[in-house]
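In this text, residue positions in the sequence shown follow the working numbering: the first is 192, and each later residue adds one. Let me begin by presenting the structure, written as structure tokens, before commenting on it.
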Amino acid sequence: MSNDIPALPCYLNGEFSNVRDAKVSVLDRGFIFGDGVYEVVPAYEGRPFRFEEHMARLDRSLAELRIANPMDRAGWRELVDQLIAAYAKYAGKKPEETNQLVYLQVSRGVAMRDHVMPPDIAPTVFAMVNRLYIYTPEERSRGVDCYTADDFRWKKAHIKSISLVAAVLARQVSADQGGNETIMFRDGWLSEAAASNVWVVKDGMVLGPPKDNLVLEGIRYGLLEELCGRAGVPFELRRVAREEVLGADEILLTSATKEILPCTRLDGRPVGNGRAGPIYEKLFAGYQQAKRSS
Ligand SMILES: Cc1ncc(COP(=O)(O)O)c(C=O)c1O
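So this is what it looks like as structure tokens:
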């Protein structure tokens, strides 16, 4: 184990400990096959953001893998609240003085190695928590550099699966070039980025790929549509061609960790004028408002 891993609070199958000490079986199907799902829930000032939407997506992912949800909503909520309190204690702060990311994972459980799903094994429930980095206003207006790649992932990208090696390889395409995200295309059409959804702004309108099996429906899919509605910005989900991305006025990335973040350079060339654009500014202001009223 790397020495720089901090003793962040975690939970494993009913017990609270920390990520340095918690241990799972080598036969856990999450370890052997990546056979499990996860969620990442941001918590602003001690309050989970869009918790119900995260739980609904967890249900959908578990159903796709035919794993019964090991806990009900109230159980998950209690666990998330306990972890938020544990992190605040760890950081020597009050929960309301913190912004956190709560990671939840369910794997199929422990069994002898066999691809076939074993009946009646107890899922492994793991959860951990860390601080949520909030980008500074300067970082936000500068935006981030992205690089493009072919989407070589599988055709069940709508499942928030822990089998993430394709996403790791995709992300590394941009990391190797000093970039922050990899924007991917399947057969010339925009899908998403390695760990975020991607939006194109053209002539004042926000465009995003349809919700299908080729993208993960980020919690910010619905949120961005709401924010566009409130800001009077036209919003459309439809297939977006590679040329439209390359010719965009603005490109936006969304995820729990990035919130809404402008991509201001793509493959080394400026997007629009190379700074955060006006639609980004409007939508980000709406996002801040949504956080405050959550
Ligand atoms: C592949 C992929 N797409 C999209 C997203 C954005 O989802 P969310 O907004 O729920 O964080 C993520 C987040 O991790 C992701 O991994």
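The beta carbon of each residue, even a glycine, is placed where N, CA and C say it ideally should be.
Residue i to residue j span [Cα, whole Å]
i, j, result
"W345", "G409", "17 Å"
"G379", "S252", "27 Å"
"E383", "V364", "14 Å"
"I470", "V389", "14 Å"
"V431", "A277", "43 Å"
"A282", "N290", "11 Å"
"F426", "A234", "27 Å"
"A313", "C337", "41 Å"
"D212", "V228", "22 Å"
"N321", "H245", "17 Å"
"A467", "V356", "31 Å"
"C201", "P309", "27 Å"
"I325", "R483", "15 Å"
beta-carbon residue i near ligand 1 non-hydrogen atom, thresh 7 Å
i, result
"L352", "Correcting the residue type first, residue 352 is Ser in the shown sequence and not Leu. False, no ligand heavy atom lies under 7 Å from that Cβ."
"A366", "no"
"N388", "yes"
"V356", "no"
"I410", "yes"
"L407", "yes"
"A447", "yes"
Given residue i as reference, the closest of the options once Cα atoms are compared
i, options, result
"K449", "V320, L292, L418 and V431", "L292"
"S352", "F224, L218, D311 and R211", "F224"
"L443", "Y326, D458, V462 and R429", "V462"
"M319", "E206, G334, M375 and C454", "E206"
"S193", "R411, C201, D219 and V210", "V210"
"G221", "T315, G369, D195 and A259", "T315"
"A340", "E330, Y326, S332 and Q368", "Q368"
"R304", "L218, L457, E269 and L256", "L218"
"K214", "A439, E372 and F317", "F317"
>> Report the start-end ranges of each alpha helix (DSSP H) in the stretch 401–458 that is 4 residues or longer and not cut off at the edges.
In response: 410–422 and 433–437
> Can you list, in chain order, the stretches of the alpha helix (DSSP H) that have 4 or more residues and sit fully within the stretch 193–270?
Replying inline: 220–224 and 242–256
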